[in-house]
Amino acid sequence: MSPRFNCDRLKDKVAIVTAATQGKNLRKSVPQSTSAHPWSPQFKYIMKIGLAIAERLAHEGAKVIISSRKQKNVDEAIDYIVSTGICRNRLAGMPCHVGEEEQLKKLVDFTLQKFGKIDILVNNAGINPAFGSALEVGNDLFDKLFAVNVKSGFILTKLVVPIMEKQGYV
1 MSPRFNCDRL KDKVAIVTAA TQGKNLRKSV PQSTSAHPWS PQFKYIMKIG LAIAERLAHE
61 GAKVIISSRK QKNVDEAIDY IVSTGICRNR LAGMPCHVGE EEQLKKLVDF TLQKFGKIDI
121 LVNNAGINPA FGSALEVGND LFDKLFAVNV KSGFILTKLV VPIMEKQGYV
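With the numbering used here applied, the sequence shown corresponds to residues 1 to 170, in that order.
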């Protein structure tokens, strides 16, 4: 079953999606059949959540800011979304390590410079480098986990909500 999009539902909306790339796992082979589901065995790689969200927002009409820690991954994600029929001028991206507050501020500034507003925020970034018992996680690793998985979303939301309030959304 092919996905259904309402291409105007998010027209004139601007979205930021953190961790909106695939890294090494960008979906490489798309089946010839348009009815194949993205998670079917016909696909060589599985699309990750952030990229799927960014793609769907774009297909629903939004302008989308894609962020990831590496510019190469940002570029690949934009190229992939463009390959699905989205105009490149509705997409932009930049590298952003969400665990660093200054980079979050730069992401917000970049979005405002590029598209003039922010309507949608998707705090998708998260890490899980620890395997095994939580009791074995050291303080440094815990601090890193907390900074990326909790604090970054809190800080980015604090940066974006006042902008949304001025736009009359909150």
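Ideal Cβ positions, reconstructed from N, Cα and C, are used throughout, including at glycine. Keep in mind that this is a model prediction, so the values were computed, not measured.
Please list the terminal residues of the continuous alpha helix (DSSP H) segment that includes Leu135. No alpha helix (DSSP H) contains Leu135, which DSSP labels as neither H nor E.
Hey, how far is the Cα of Ser67 from the Cα of Ala19? 6 Å
Take Asp161 as the anchor and find which of Gly85, Gln22, Asn123, Ile78 has the nearest alpha-carbon. Checking the sequence shown, residue 161 turns out to be Val, not Asp. Ranking Gly85, Gln22, Asn123, Ile78 by Cα distance to Val161 puts Asn123 first.
Assign Cys7 to one of three DSSP states: helix, strand, or coil. coil
Quick one: does Ile66 have its CB under 7 Å from some CB of chain D? This model lacks chain D altogether; it includes just one protein chain.
Using beta-carbon positions only, say whether Gly99 and Ser152 come within less than 7 Å of one another. yes
Go to Gly93, then tell me how far its beta strand (DSSP E) extends in each direction, as first and last residue. 91 to 95
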